[in-house]
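Novice: Residues in the sequence shown are numbered consecutively from 112, following the working numbering.
After the structure tokens below, expect a handful of questions from me.
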Amino acid sequence: VQALDRIGDRGAKVGEHEYPLEFTGELCPLCRYEFRERQMQYNGDWTKVVEDIVVKRIFLSEQDRIGIGTFQPKDEKNQDSTELTGDINYRKIAEFGSESDPRAFNFDGEFNVSNRGMIEFIEVLKLDVAFLYDLLGASQEHKIKPKKFAQTDIDTVIIGHTNEPEYRKLQSNEFMEALRDRTIKIDVPYVTTLSDEIRIYTKDYNEKRVRGKHIAPHTLETAAMWAVLTRLEEPKHHGLSLMQKMKLYNGKTLPGFTTDNIVQLRREAKAEGLHGISPRYVQDKISNALVVNPSATSLNPFMVMKELEGGLKHHSLVGAEEVRERYRQLISVVRDEYTDVVKNEVQRAIAADEDALMRLSSNYIDNVKAYTQREKVKNKFTGEEEQPDERLMRSIEERIDIPETRKDDFRREIMNYIGALALDGKKFDYKTNERLQKALEMKLFEDQKDTIKLTSLVSNVIDKDTQEKIDIVKSRLIRNFGYNEESATDVLQYVASIFARGDSKSE
């Protein structure tokens, strides 16, 4: 840190930068006392008075009570306004002889501490009226009145927080006009971004804090997803679901939506985040889920969702039955989203056969190359020239919703991509093209799911060969997606039950 080079009329200069300095107000009572004593000592010679003044560097710290003060309401008997402005030090009265001697007064109230910094009032509107008088002077005239001393200048940022009902009570109180006039309301809504909400729960529920219990993938995500959905307003945009709106807020991209559209969505919903479920409720239910499932080695999303839904009937802040029913419906929305996610993970785990994917990719590229160049493909078994396998190519392309009318464009796009890599001296790998990789994995899954006989998990009739294949899929879930033995088994059985009901749908 560079020292101040100069302090002049224009302010302080640090290196090449100038910072304006503005001094307002008067000295505090103790400083005025010291100033007067030095003037008498040096017969009014101001230059000698300031010679002994030493400028020190300080760091603002709430813990050390330097520059940041905090005040919290207490019961009426123990609440005293001198906590804000300081109090008499009775031990020093005998030494200095008077209560009005500044040396016999402790200027250590929260306003004194926060001077040139900031002060925080916790639940400010629950304060006794006597405290609000001090707030009026501090906010408007920037002065406080310590006991037995003149008004003292302060310069501090005053922050008070409370809840909406307390603020509405203030607005309806005609006797509090002065405080209302000095109050600037700043709404602090709940989080409406999914990734931020997940971070709240991850802070308390992680492998370091929760010992001996594995938290299955997507458990905290589903809880956060539901909490955020309760805070969002239904989108006015036709065709946009609440789940899609949440994904847009979280940085995902959807066809037809730009950054400007997202800004407009937020402007249309001005009250978003000012209602809905609080993180405290979700944290309580995650804790409950941990407690009521003592024998389970892992905590999964269904355990948490069950607690979230079950606790609604006892939630003191959800009074209206229609609101409670809406929250229950949103749990169903989250459950459907989770189902799609785990189905996709199981599909990828089943299709994670590198050799099979490479063979399928090579076969597809050979046929696409022949198709775009109007050539034939050589059958590796018979050696005969054949037409490109249109059925194979479409079975892959349909997995990522490439319509019949766009198949030529997609195939040329793939070949142009391969050609560009070749010009750079690079070899094509299906993993470098996200859309093609997804299509190949889904195609391979459809081809292999019947051979693995995943639905046999539902009936518990599994032969040795099938069990080996299922164990391979389970090990991939553990290795690639963060499951443990129990949670991987639970997910496989859940997805197997979906396939057994015939509810499988293409992603």
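Don't be surprised by glycine CBs; every beta carbon is placed ideally from N, CA and C.
In whole angstroms, what is the alpha-carbon distance linking K396 and A463?
Specialist: If I take the Cα positions, the gap works out to 35 Å.
Novice: Pull up the distance between the alpha-carbon of P412 and that of V429, whole angstroms please.
Specialist: Cα to Cα, P412 sits roughly 23 Å from V429.
Novice: Rounding to the nearest angstrom, what Cα-Cα distance links A431 and S443 in this structure?
Specialist: Each residue's Cα considered, the two are about 19 Å apart.
Novice: What is the C-beta distance between I461 and V584, in whole angstroms, given that I count them as a contact (C-beta under 8 Å)?
Specialist: The Cβ separation is near 5 Å, so the contact holds.
Novice: What span of residues does the beta strand (DSSP E) with E231 cover, start to end?
Specialist: That run of the beta strand (DSSP E) goes 229-233.
Novice: Please state whether DSSP places F218 in a helix, a strand or coil.
Specialist: Reduced to three states, the DSSP call for F218 is coil.
Novice: How would you call D186, buried or exposed, if buried means at least 16 neighbouring beta carbons within 10 angstroms?
Specialist: Exposed, since its Cβ has fewer than 16 Cβ neighbours within 10 Å.
Novice: Can you tell which of S283, L423, Q183 has the C-alpha that lies nearest to the C-alpha of K237?
Specialist: Looking at the Cα atoms, Q183 is the closest of the given residues.
Novice: Where does F182 sit, in a helix, a strand or coil, going by DSSP?
Specialist: Strand.
Novice: Counting only the same chain and skipping the five closest in sequence on each side, list residues whose C-beta sits under 7 Å from that of K356.
Specialist: Excluding positions up to five away in sequence, the list reads L343, P346, L376.
Novice: Between the Cα of R149 and those of D163, P140, G136, spot the shortest distance and give me the residue it belongs to.
Specialist: Per the Cα distances, D163.
Novice: Would you decide whether P328 is buried or exposed? Buried here means 16 or more other CB atoms lie within 10 Å of its CB.
Specialist: The residue is buried, with at least 16 neighbouring Cβ atoms inside 10 Å.
Novice: Quick one: measure Cβ to Cβ for F521 and E508, integer angstroms, because I've assumed they're closer than 8 Å.
Specialist: Contact flag correct, Cβ pair sits at about 6 Å.
Novice: Which same chain residues, not among the five before or five after V479, have their C-beta less than 8 Å away from its C-beta?
Specialist: P499, M504, R522, I525, M526.
Novice: Closest to Y449 by C-alpha separation, out of G197, L331, K538, would be which residue?
Specialist: The residue with the shortest Cα to Cα distance from Y449 is L331.
Novice: How many whole angstroms separate the CB atoms of I230 and G180, which I take to be in contact at a CB cut-off of 8 Å?
Specialist: Indeed they touch by this definition, with Cβ atoms about 4 Å apart.
Novice: Exposed or buried, F539, counting other C-beta atoms within 10 Å across all chains shown (16 or more means buried)?
Specialist: F539 should be labelled buried.
Novice: Quick one: Cα of G530 to Cα of K454, how far?
Specialist: Those two C-alpha atoms are separated by around 35 Å.
Novice: Would you mind listing the alpha helix (DSSP H) stretches within the region 268-321 that are 4+ residues and don't spill past its ends, in chain order?
Specialist: Whole alpha helix (DSSP H) segments, 4+ residues: 275-283, 288-292, 305-315.
Novice: If we call anything under 9 Å between Cβ atoms a contact, is S598 one with S409?
Specialist: Closer than 9 Å, so yes.
Novice: Leaving out five residues before and five after A407 in sequence, what residues of the same chain have Cβ atoms less than 8 Å from its Cβ?
Specialist: Excluding positions up to five away in sequence, the list reads K324, M414, E597.
Novice: Ordered along the chain, which non-local residues of its own chain (more than five positions away) have a Cβ less than 7 Å from that of H425?
Specialist: No residues qualify anywhere along the chain.
Novice: Beta carbon of A400, beta carbon of K381: below 9 Å?
Specialist: No; because the gap between Cβ atoms is not below 9 Å, this pair is not in contact.
Novice: Nearest CA to the CA of A261: which residue from Y301, D292, F216, E285?
Specialist: Of Y301, D292, F216, E285, the residue nearest in Cα terms is F216.
Novice: Using the three-state DSSP reduction, which class does E173 fall into: helix, strand or coil?
Specialist: E173 falls in the coil class under three-state DSSP.
Novice: Assuming contact is defined by CB atoms lying nearer than 9 Å, are V393 and Y312 in contact in what I supplied?
Specialist: Yes, these two residues count as a Cβ contact at 9 Å.
Novice: With a Cβ-Cβ cutoff of 9 Å, do K259 and S225 count as a contact?
Specialist: Not a contact, by the Cβ cut-off of 9 Å.
Novice: Examine the Cβ distances between the region 288-308 and the region 360-375 and report whether three or more of them are shorter than 8 Å.
Specialist: Touching, per the Cβ criterion.
Novice: Keeping to the same chain, check which residues put their C-beta closer than 7 Å to that of K159; ignore five residues upstream and five downstream.
Specialist: The residues are Y153.
Novice: Quick test of your reading: L468 and L532, contact by CB under 8 Å. State the CB separation rounded to the nearest angstrom.
Specialist: With 8 Å as the limit, L468 and L532 do not qualify as a contact, their Cβ atoms being about 18 Å apart.
Novice: Using the three-state DSSP reduction, which class does V606 fall into: helix, strand or coil?
Specialist: Three-state DSSP puts V606 in a helix.
Novice: Answer yes or no: do G220 and D198 have a C-beta to C-beta separation smaller than 9 Å?
Specialist: It is a contact, given that the beta carbons lie within the stated cut-off.
Novice: With DSSP as the reference, please indicate the residues paired to R383 in a beta bridge.
Specialist: Residue 383 is actually Glu in this sequence, not Arg. In DSSP, E383 forms no bridge with anything.
Novice: Excluding the 5 residues preceding and the 5 following K489 in the sequence, name in chain order all residues of the same chain whose CB lies nearer than 8 Å to its CB.
Specialist: These residues qualify, in order along the chain: E495, E496, E497.
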